[in-house]
Amino acid sequence: MDQERERVQADLRGLLEGEIRCDDAFLQMYSSDASIFEIKPLGVVRPRNTADVVACVQYASENQLPIHARGAGTGLAGESLGRGLVLDFSHAMRRILQVDANSVTAQPGVILGRLNEQLAAQGRCFGPDPANRAVTTIGSVVAIDAGGSHWLRYGSARRHVKSLKVVLANGETLTVGQHSWQESLHRTDTLSMLVQRVGQLIQSNSGLITQYRSHAPIDRSGYRLDDVVVGDQVDLARLLVGSEGTLALFTEATLATEPLPRHR
């Protein structure tokens, strides 16, 4: 282990409840995913809770280190690889926190297949069903706006995300969903300022967004902006779906569920 990795490991051990590993053998496991790429990270953090994610993000910001969120490592384009700190949400942050009549709240490390097994007992399901649902995590499903073989019926993840608990680049935590643009104008807190700025940015560039919007039925490239602002509502959760951790990291997701089909 080189000196930089020793320093990072020592620093983060004093800040986290979860695990930090920087030894070569351990890092090798996180140097690849389901893609053809291989990149050795500086270290791997297995956060245990939101506070761990906050501490890691703040440390990375102070030390100018990139962060790479990781679920099951099933990405085909190297999405979870990088030379900074890998945050593995699949190890400890995998609890289903609450199941209601029409929604479920879960941590990002929950396996989609396990989530649907629990929902099935109540006659419900989470609609998007990518082919790797037996191993992929909710974090991945939301991060890449996953769809699946029943896309024609359920669409992709963005249609089903009600709210997200997120950690911003400065370590601040917010719960984002649909927010009133008009009501935000009278407030100066971080969430209200984000609602104002995102709303203004999208409105002032609506012509460009319409002009360059993809007309493909399924398109996960870039940030999808065409349905983030509808009337007075600014949907920050919908903006984050498909952003692959580039705008914020989320530690909880509240998802709309659907009735199980009566016939298959």
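Note that numbering that gives the first Met the number 0 has the sequence shown beginning at 0, numbered continuously upward. Even for Gly, the Cβ is constructed at its ideal location relative to N, Cα and C.
Taking the Cβ atom as the reference point for each residue, do Lys161 and Ala255 lie within a distance shorter than 8 Å?
-> yes
Leu84 lies in the beta strand (DSSP E); which residues open and close that run?
-> Leu84 to Asp87
Proximity winner among Pro40, Asp144, Gly17 and Gly13, relative to Phe25 (alpha-carbon distances) | Pro40
Does the distance from the C-beta atom of Val240 to that of Val141 stay below 8 Å?
-> yes
Distance between beta carbons of Ile38 and Ser30, contact taken as under 8 Å | 6 Å
Please confirm whether Gln177 and Gln232 have their CB atoms less than 8 Å apart.
-> yes
Would you mind reading off the limits of the beta strand (DSSP E) that contains Thr250?
-> Leu248 to Ala255
Comparing the C-beta of Asp188 with each C-beta of chain B, is any distance below 8 Å?
-> Looking for chain B here will not work: only one protein chain is present.
Alpha-carbon spacing of Ala100 relative to Leu118, whole angstroms = 10 Å
From what residue to what residue does the beta strand (DSSP E) around Glu171 run?
-> Segment: none, Glu171 is in no beta strand (DSSP E) and carries neither H nor E.
Three or more C-beta pairs closer than 8 Å, one from the region 103 to 116 and one from the region 237 to 252: is that the case here?
-> yes
Assigned secondary structure, Asp51 (DSSP; H/G/I helix, E/B strand, else coil) = helix
Taking Ala76 and Ser34 to be in contact with their CB atoms under 8 Å, please state how far apart those CB atoms are, rounded to whole angstroms.
-> 6 Å
So, using beta-carbon positions, are Arg157 and Arg237 closer together than 8 Å?
-> yes
Report the three-state DSSP secondary structure of Ser213 (helix, strand or coil).
-> coil
Status (buried if at least 16 other CB within 10 Å, exposed otherwise) for Gly126 = buried
Hey, which unbroken runs of the beta strand (DSSP E) at 3 residues or more fall wholly within the region 74 to 155?
-> 84 to 87, 95 to 98 and 102 to 105
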